[in-house]
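> The structure follows.
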Amino acid sequence: MISTNATTLFYMKPSLRGYSIEEIAENLLIMKGFEIKERRKDIVVGGVPIAEIDILAEKEGELYAIEVKAGRVSLTDIRQVYANAVLINAKPLIIGRGYSDKASEEAAKALNIDVIILDDYLSFTSLEELEASIDQVIVKNLLELFSFNIKNITSIDLKTIDVLANSKTFSEAADRLSVDKRTLGNIIKDMRERGILTFTRSFNTIRLQANIISKLAFFYMLINKIYKNTLKEA
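As structure tokens, then:
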């Protein structure tokens, strides 16, 4: 059983509360030696998605199904993370700001669920540690944002990327592509597997990366056209 009180690790001032609990949890997992494999992973049974795992991570050869809770961990949360882990043959781990009651704590122990406990306001021991952690999150996000492989992009991908970049919501993007939400989700998953879309934590991060890819693809094609014209003139 992992039970970590993170009071000595984090302190969030009001101006820093823009960081989501998922980002904080993910950074903590990385610092504890976990490798993030996937985010918001669908559990599919019989071709139908029946649940979603917040974070799929690996540590020392063990696969973990991880749930992240903004508040206290309830008995329902314990049941959910346990069921999800069983479905994908992984170890259950939950991150939250303590237990909601004694029953949830005892259930976690009985089911051998690893728990990482965060305080309501997470605290660092020093400003330097806070700055170092924020720097780590920023660098990690930027690396993820710019890690796409533009060489794998097809003309069909570019059309989808343009729609994603210029849509305000996931539903709007699906409508503009004349597909349902599930199909669009599969399209995005395929592009993620091919290394095209790598920053898929939310639709806003997808939009951000799609905007960058769209502009880079335009300049890439423009430069390529100029280069070919130069060769012809030579």
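Mind the numbering: the sequence shown is residues -5 to 228 in the working numbering, read in order.
We put the beta carbon where it would ideally sit given N, CA and C, even for glycine.
Nothing here was measured: the structure is a model prediction, and the numbers come from that model.
Check residue 129 in the structure and name its three-state DSSP category.
Here residue 129 corresponds to residue number 135 of the sequence shown, with the count starting at 1. Helix at residue 129.
> DSSP has residue 35 in a bridge; who is on the other side?
Taking the first residue of the sequence shown as 1, we reach residue 35 at position 41. For residue 35, which the question treats as bridged, DSSP gives the partners 47.
> Taking the alpha carbon of residue 197 as the reference point, which residue from 34, 188, 21 has its own alpha carbon closest?
Here residue 197 corresponds to residue number 203 of the sequence shown, with the count starting at 1. Checked all of 34, 188, 21; the closest Cα to residue 197 is 34.
> What residue from 78, 45, 146 has the CA that sits closest to residue 58's CA?
Indexing the sequence shown from 1 puts residue 58 at position 64. Measuring from the Cα of residue 58, the nearest candidate turns out to be 78.
> Can you tell me where the beta strand (DSSP E) holding residue 90 begins and where it ends?
The sequence position of residue 90 within the sequence shown is 96, counting from 1. Looking at the DSSP string, the run of the beta strand (DSSP E) that includes residue 90 is 85 to 90.
> Give the secondary structure of residue 206 by DSSP, where H, G and I count as helix, E and B as strand, and everything else as coil.
Mapped onto the sequence shown, residue 206 falls at position 212. Residue 206: helix per DSSP, three-state reduction.
> Compare the C-alpha of residue 15 against each of 162, 32, 49 and name the closest.
Locating residue 15 in the sequence shown gives position 21, where the first residue counts as 1. Selected option, being the one with the closest Cα: 49.
> For the beta strand (DSSP E) that residue 59 lies in, which residues bound it at each end?
Here residue 59 is taken as the residue at index 65 of the sequence shown, counted from 1. From DSSP, the beta strand (DSSP E) with residue 59 extends over 56 to 62.
> Kindly indicate which residue of 150, 177, 174, 160 has the alpha-carbon position closest to the one of residue 206.
Numbered from its first residue, the sequence shown carries residue 206 at position 212. Cα-wise, what sits closest to residue 206 is 160.
> Which whole-angstrom value describes the C-beta separation of residue 131 and residue 17, a residue pair presumed to lie in contact below a C-beta threshold of 8 Å?
Residue mapping note: residue 131 aligns to position 137 of the sequence shown, counting from 1. Residue mapping note: residue 17 aligns to position 23 of the sequence shown, counting from 1. Contact holds; Cβ gap of about 6 Å.
> According to DSSP, what are the bridge partners of residue 108?
As a working note, residue 108 is residue 114 in the sequence shown. BP columns for residue 108 point to 87.
> Using CA atoms only, rank isn't needed, just tell me which of 142, 211, 71, 19 is closest to residue 105.
Within the sequence shown, residue 105 is the residue found at index 111, counting from 1. Checked all of 142, 211, 71, 19; the closest Cα to residue 105 is 71.
> Do residue 101 and residue 155 have their C-beta atoms closer together than 7 Å?
Within the sequence shown, residue 101 is the residue found at index 107, counting from 1. Within the sequence shown, residue 155 is the residue found at index 161, counting from 1. No, the pair does not count as a contact, with Cβ atoms beyond the cut-off.
> Name the two residues that bound the continuous alpha helix (DSSP H) containing residue 157.
Taking the sequence shown and counting its residues from 1, the one referred to as residue 157 is at position 163. First-last of the alpha helix (DSSP H) with residue 157: 149 to 159.
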